[in-house]
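Beneath this line is the structure, given in structure tokens, with notes to follow.
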Amino acid sequence: MTNNKLPEITIKALFLGVILSMVLAGANAYLGLFAGMTVSASIPAAVISMGVLSVFKKSNILENNIVQTAASAGESLAAGVIFTIPALVLLGHWETFNYLEVAKIAAIGGVIGVLFTVPLRRALIVTANLKYPEGVATAEVLRAGNAAKVGEKDDGTGGLMTIGISGLFGGIMKVCQQGFGMWSSEMAGATVIGKSIFGIGTDLSPALISVGYIVGRNIGILVVGGGLISWFVAIPIYSAIVGFEGNALDAAWDIWNSKIRYLGVGAMVVGGVWSLIKLFKPLIVGIKASIDAVKNQKSNNDIPLEEKDVPINYVGIALIALLAPVFLLYLDIIGSVGIAALLAIVMMVFGFLFSAVAAYMAGVVGSSNNPVSGVTIATILFTSLFLLALLGTGSGVGAASAIMVGAVVCCAAAIGGDNLQDLKSGHILGATPWKQQIMQIVGTLSAAIVLGLVLDILHTAYTIGSPTLSAPQATLMKSVADGVFNGNLPWTFVYIGGIIAIILILIDLRQESKGSDFRVPVLAVAVGIYLPITLTVPIFIGGMINHLGKKAGGSESSEKRGLLMSSGFITGEALMGILVAVPIFLSGQKDWWPQFSGFGLLGPILFLGMIYWLYKAVSKK
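Everything in the sequence shown is counted per my numbering, starting at 916 for the first residue and increasing by one.
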């Protein structure tokens, strides 16, 4: 499809893209710190864009595409930031979030991610023609909105209303629970059978149900399967052998937190390494194809607009220029010119490799299922071992330095995957790649400006690392880096987790050889092992709603409706989570909100009502 004559980067599109990037970055930051998972914002950004730009007579489909390109960059950058940077506070390296440092790390890592994936566009989207499911879905949403504009079908404002209503519900649920304390955030219980503890529970969060709906049944089953490995196998075995004291539920949480969750660490490290091994050949092929494409491009001045990337020489110059701030970033923390230079080189190597991995994986499984945290763990583990050899066990900055390298790489990888999704949408719609790549950078820089403030607000109100805002990935990164230098990781559990991962890999290879639709990506199960059971259960429920809705006669339009509703629940709950935190942050009083107890049953009732509402919406034609 060619839309060469349509304007793309306009003043209104630029303004809206910047605003949405900031808002969605904040929302996704909250979601990731709370749930340990983030979701792609491309589709809700596209719908919001269509709704807002529809008031302008001269708006067009490529303007909407530019807006969602910038907005989704903010959402993706948030994932890179919250998976790693809170670990610096958890380590005690920072007492609170350093706004300028967060902005620098996020901006440098995000821009590097955009630049690294520029030469991969043609190889992965044009030559390999990877699926990029969310990119295709976004293009279809934009096409539907464009068709509506000429009176062909329901317009984008209908989708905007769906997001608005579900967002309002998610926001009300959050303020009643988190702000006014009307009911508990979760239901959980445990029982003792013989000498073994068995526990189960669920968080009463519409956002988590929505995450499950978006990732689908298969991922939902695997994530909760990981949770069941922890709570129905590992904890019962450990409690029977070692014993426990006190309340069964409290004992189960203690065992999980101090021992069992490290099964997830081992599984995620092995899963991250396996991702690299499996993708090595496709990456080599992709990079070779990219180099060939660049050579051909130099000799061809008649390339159509929809195939023009940011010139490769500009990319090279920008990457070389970024080496200086990266070097200074590491020099500030490590204090050694030589080691800082080595870390800058390590970061660039890993940054390219993992941006390419993320770009490839996004094409295969989508951005929401992209194993960014897994490859980041591998980066931090390698960097920690590297620094341990250079600095020794007595280093006070070794763990923090490893986290800093991992943070830049994680931001690059998160943006890399998102970049290719957006470019796939643009490829379908006939957009200009270099204009999208510029807007990726604009969206990245916009989000980098606000994320430090968002983290500070959330930390002041909820304390990142507490049960309210557990930051599972950041806690994991801190544990791995700190454990290498202090030797305090429960290595036995890490090794057992690695063995579990190997078994899962073998199962997945068997499923692949059989041509089965149900695959077993090891990182999905590993995340489930590591996350609290109360988070994995609602994700599973959401995945089953998606599946059962389709079986009950759901159509393509009802599936899209479910996607928009889910996006609304997530956005509403996440934004309200931040808004609840603002007066606490400004006043410095954690008890700022008045409390209204006695509504304990209302939360579960509304939660069940939301599940029924979503199911009915996606099951009708």
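Every residue gets a Cβ at the ideal spot worked out from N, C-alpha and C, and that includes glycine.
On a Cα-Cα basis, can you pick out the residue from the options that is closest to residue i?
| i | options | result |
| --- | --- | --- |
| E1488 | L1005, L1516, A1122 | A1122 |
| G1266 | A1322, L1366, S1431 | A1322 |
| T1375 | E1010, L1258, P1436 | E1010 |
| V1051 | A1277, V1029, I1192 | A1277 |
| S1361 | M1183, V982, I1129 | V982 |
| F998 | Y1527, L1234, V1324 | V1324 |
| A1043 | L1391, I1199, F1297 | I1199 |
| D1165 | W1146, I1020, A1182 | W1146 |
| V933 | L1419, A944, A960 | A960 |
| I1343 | A944, E1055, K920 | E1055 |
| D1118 | K1466, V1369, P1447, Q1510 | P1447 |
| L1137 | G1477, G1458, L1303 | G1458 |
| A993 | V1452, S1299, V1287, K1531 | V1287 |
| G1140 | V1435, K1505, V1272 | V1435 |
| A1018 | Y1445, S1428, G1367 | G1367 |
| F949 | D1423, G1332, L1373 | L1373 |
| I1027 | I1499, Q1388, G1331 | G1331 |
| G1114 | N1013, G1135, I1134, I1144 | I1144 |
| G1060 | K1475, L1463, F1500 | K1475 |
| I1175 | F1408, R1036, T984 | F1408 |
| V1399 | F1297, L1003, V1241 | F1297 |
| K1350 | L939, T984, L946 | T984 |
| A1236 | M1263, K1223, V1130 | M1263 |
| D1224 | Q1510, G1492, V1365, P1348 | P1348 |
| A1239 | V1452, A1259, N1228 | A1259 |
| G1082 | I1499, G1492, K1531, L1305 | G1492 |
| T1077 | D1333, D1169, I1485 | I1485 |
Give me whichever residues DSSP pairs with residue i in a beta bridge.
| i | result |
| --- | --- |
| I1553 | Any question about residue 1553 goes unanswered here, given that the chain covers just 916 to 1536. |
| L1384 | S1381 |
| E1101 | D1118 |
Any idea if residue i is buried or exposed, counting beta-carbon neighbours within 10 angstroms, 16 or more meaning buried?
| i | result |
| --- | --- |
| G1071 | Bear in mind that a pLDDT of 49 at G1071, under 50, signals an unreliable position, so the number given afterwards is only what the model happens to contain. With 16 or more other Cβ atoms within 10 Å, it is buried. |
| F1455 | buried |
| K1339 | buried |
| N979 | buried |
| P926 | With the sequence shown as reference, residue 926 is identified as Ile, and Pro is not the correct amino acid for it. Exposed, since its Cβ has fewer than 16 Cβ neighbours within 10 Å. |
| I875 | Residue 875 cannot be examined here, being either before or after the span of the chain that is shown, 916 to 1536. |
| G1253 | exposed |
| Y1245 | buried |
| V1157 | exposed |
| P922 | exposed |
| K1196 | exposed |
| Y1177 | buried |
| S1473 | buried |
| K972 | exposed |
| K1110 | exposed |
| S1431 | exposed |
| E1471 | exposed |
| R1036 | buried |
| D1506 | exposed |
Out of curiosity, what's the CA-to-CA distance linking residue i and residue j?
| i | j | result |
| --- | --- | --- |
| Q1352 | F1031 | 11 Å |
| G1094 | K1393 | 29 Å |
| I924 | E990 | 20 Å |
| S1534 | A1105 | 34 Å |
| K1068 | R1058 | Interpretation of K1068 is limited by its pLDDT of 49, a score under 50 that renders its predicted location unreliable; the figure taken from the coordinates is listed afterwards. Roughly 10 Å separates the two Cα atoms. |
| L1490 | M1088 | 12 Å |
| A1314 | T1390 | 13 Å |
| V1188 | A1293 | 7 Å |
| S1512 | A1416 | 44 Å |
| F1269 | V1261 | 12 Å |
| K1429 | A1271 | 28 Å |
| P1226 | A1329 | 22 Å |
| M1354 | A1167 | 47 Å |
| Y1410 | V1184 | 10 Å |
| T1402 | L1303 | In the sequence under discussion, the amino acid at residue 1402 is Gly, which differs from the Thr named in the question. Their backbone Cα atoms lie some 11 Å apart in a straight line. |
| I1192 | Q1504 | 50 Å |
| S1100 | N1133 | 26 Å |
| A1290 | L1404 | Ala is not the amino acid found at residue 1290; the sequence shown has Val there. So the two alpha carbons sit approximately 19 Å from each other. |
| I1544 | L1494 | The shown model of the chain, from 916 to 1536, leaves out residue 1544, and the question about it has no answer. |
| V1241 | D1247 | 10 Å |
| W1528 | M1480 | 10 Å |
Report whether the distance from the Cβ of residue i to the nearest heavy atom of the ligand NAP is below 7 Å.
| i | result |
| --- | --- |
| G989 | As far as ligands go, the structure on display features none, and thus does not contain the ligand NAP. |
> Quick one: complete alpha helix (DSSP H) runs, 4+ long, within the stretch 1258-1334?
Replying inline: Counting only runs of 4 or more, we get 1287-1306.
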